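A short write-up of the structure that comes next.
Chains as they are written, first to last, in the UniProt record's numbering: chain V, 1 to 268; chain L, 1 to 323.
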């Protein structure tokens, strides 16, 4: 997709995220809106995975460590044809497979996540397997900035550079807010770039809502041969809806009818 | 009466040695087999494996959470993965990775807890795994196994390698006498009746099966009491059919395990028996709810009665209460 198409696609995705969150009366609104542009570029222009290749041993893997923003993933997977979008009308409903975190019961989902600090280890194992078998698939994982204090992330970060996993790319959705407040106040993890650099990663910063910048970053992978790559995507929680942007209460807020109407009027 | 299967007097190995030897045999023909370790190749007796199959051993360093997450990622790509770490750390430090990355995501990792129970003896409670059955029994989609002898150990590993669902196997490091001849079948999920008798039933698992069998022999020789002995190597799924069979005549039942008395083999058996109308006199033998006495594995086991004489005494007391 070209930039204009990506722009239009993200508007469509944001509208659907809100639609299904309102339908379910539940969801992680702010984070889904912050990471959706990253997912848009990944699934439409980067990952070599499709419903036809969903079980192929050589497919690229996307593992969403910040599982709570599953609405963004569901909307993108439906758009890619992994399942009918109408399935999302059952989101979080009694007996639905579409629960509030990713599970492998949903076609296209690689791993069950939801507890934070798990995606990077899973991705490291998957990337090691590719190296062992000389397969050229790549592994992408999306981390929240709020989940980085989980120690398992740093265990995995160490091992990724130890095994020189340049087929691994982690993206941090750095929207700077978590459920209790600004990430810098809850448990400051900055400077992230220095930390990952010290752990042996090649790091780039990118505006997580700038499609050209995201595309350029993904095109440049690996940033350095023999090193895992980290993209620090600077994003805005609640991006695209004026009254949700950078507002803590929209971490998992659900719009009321008037708010939904206003949000949709902005997303055109 | 007497033993269904006779024991032999071969040279006995620690079950852990059999585990590592079996892995080498499997690795020779299965390049897809991987061992993932957390600086535990020495204690896991895996140094020869590492030397012979260096490309099939993934070292993650002392990082058990990452060990299990990485193993799950490897398994998701079709690798035949054995994640090996001391049972105490594997099942506590990385409990959530077992729950989520292995069991919930159904990544068929073979989790191997080495030096289980009180194998580490005087190293103390940090190194004891007396909680693993209890913790893992509550995790859906996970088979739990404690082989009793070298034969069961090799069979457990071979069958685990063929499973497409997650499994946890714990091994001790003490040489274990054989319970049976190799023609006695071993099947995951099916307990083994290693001795048959109508007066009493001893149900044990892992390294406590052998002292339970010795206790049964003692009770026969000294008191003329005929005891059945079950090696309940698979804690979950529990062999309800065998349990119902040995409980059918109402004989007293004693369970024996190198585990907390809470949440392990004994309570699993009790739950089934009570829920299905069996009212056999019943006792659970294990480690009481305390930090263990200092000592070697044998000394600790003896202290808490998990020995030939301790089991025999408990069984006699139960039989006498009954009469």
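In this text, a Cβ means the ideal position worked out from N, Cα and C, and glycines have one as well.
Quick caveat: nothing in here was measured; it's all calculated off a predicted structure.
The Cβ-Cβ distance between residue 241 of chain V and residue 39 of chain V does not fall below 8 Å. When DSSP states are grouped into helix, strand and coil, residue 247 of chain V belongs to the coil group. Taking the CA atoms as reference points, residue 64 of chain L sits about 13 Å from residue 125 of chain V. Against chain V, the beta carbon of residue 97 of chain L has neighbours under 8 Å at 118, 121, 152, listed in chain order. The alpha carbon of residue 167 of chain V has as its nearest neighbour, out of V:214, V:200, V:131, the alpha carbon of V:131. Setting aside the 5 residues that flank it on each side, residue 186 of chain L is surrounded in the same chain by 151, 152, 155, 156, 159, 192, 233, each with a C-beta closer than 8 Å to its C-beta; the list follows chain order.
Residues 161, 227 of the same chain have their beta carbon placed closer than 7 Å to that of residue 200 of chain V, with the five preceding and five following residues left out of the count. Taking a cut-off of 8 Å on C-beta distances, the region 96 to 109 of chain V does not touch the region 165 to 185 of chain V, as fewer than three cross pairs fall below it. In the structure shown, residue 70 of chain V falls within a helical segment according to DSSP collapsed to helix, strand and coil. Secondary structure note for residue 274 of chain L: it is in no beta strand (DSSP E), and the uninterrupted alpha helix (DSSP H) holding it is 265 to 275. Interface annotation for the region 121 to 135 of chain V against chain L: 121, 122, 123, 124, 125, 126, 127, 128, 129, 130, 132, 133, 135, criterion Cβ-Cβ distance under 9 Å.
Excluding its 5 nearest sequence neighbours in each direction, residue 43 of chain L has C-beta neighbours in its own chain below 7 Å: 86, 114, 115, listed in chain order. Residue 135 of chain L: member of the alpha helix (DSSP H) spanning 132 to 137, first to last residue.
By the criterion of at least three beta-carbon pairs nearer than 8 Å, the region 181 to 199 of chain V is not in contact with the region 217 to 225 of chain V. Annotation note: the region 210 to 298 of chain L contains the following uninterrupted alpha helix (DSSP H) runs of length 4 or greater, listed N- to C-terminal: 240 to 247, 265 to 275. At a Cβ-Cβ threshold of 8 Å, residue 118 of chain V and residue 100 of chain L count as neighbours. Annotation: Cβ neighbours of residue 57 of chain V in chain L (cutoff 9 Å, chain order): 77, 78.
In the assembly as shown, residue 279 of chain L is an exposed residue. Its beta-carbon has fewer than 16 other beta-carbons within 10 Å.
Per DSSP, residue 113 of chain V has no beta-bridge partner at all. Of all residues in the region 50 to 67 of chain L, only 55, 58, 60, 61, 63, 65, 66 come within less than 8 Å of chain V when Cβ atoms are compared, listed by chain position. Collapsing the DSSP output to three states places residue 207 of chain V in a strand. The contact set of residue 165 of chain L on chain V, defined by CB atoms closer than 8 Å, is empty, because the minimum CB distance reaches about 13 Å.
Looking at the backbone, the Cα of residue 55 of chain L and that of residue 153 of chain V are separated by about 25 Å. With a beta-carbon spacing of about 22 Å, residue 17 of chain V and residue 54 of chain V fall beyond the 8 Å limit used to define contacts. Taking 8 Å as the cut-off, the Cβ atoms of residue 171 of chain V and residue 231 of chain V count as close. Interface annotation, residue 64 of chain V: not in contact with chain L, CB-CB separation never under 8 Å. Under a 10 Å Cβ-count criterion, residue 243 of chain V is classified as exposed, with fewer than 16 other Cβ atoms of the shown protein chains found around its own Cβ. The beta carbons of residue 315 of chain L and residue 215 of chain L sit closer together than 8 Å. Residue 96 of chain V has a beta carbon lying at 8 Å or more from every beta carbon in chain L. Relative to the Cα of residue 145 of chain L, the nearest Cα in the group L:246, L:67, L:170 belongs to L:170. Contact between residue 204 of chain L and residue 246 of chain L does not hold, since the beta-carbon distance rounds to 12 Å and is not under 8 Å. Linking residue 134 of chain V to residue 309 of chain L through their CA atoms gives a straight-line distance of about 57 Å.
For residue 125 of chain L, DSSP assigns no beta-bridge partner whatsoever. At a C-beta separation below 7 Å, residue 105 of chain L has these neighbours in chain V: 104, 111, 112. Nearest Cα to residue 206 of chain L within the set L:195, L:226, L:230, L:223: L:230.
For residue 234 of chain V, the uninterrupted beta strand (DSSP E) run begins and ends at 229 to 234, by DSSP.
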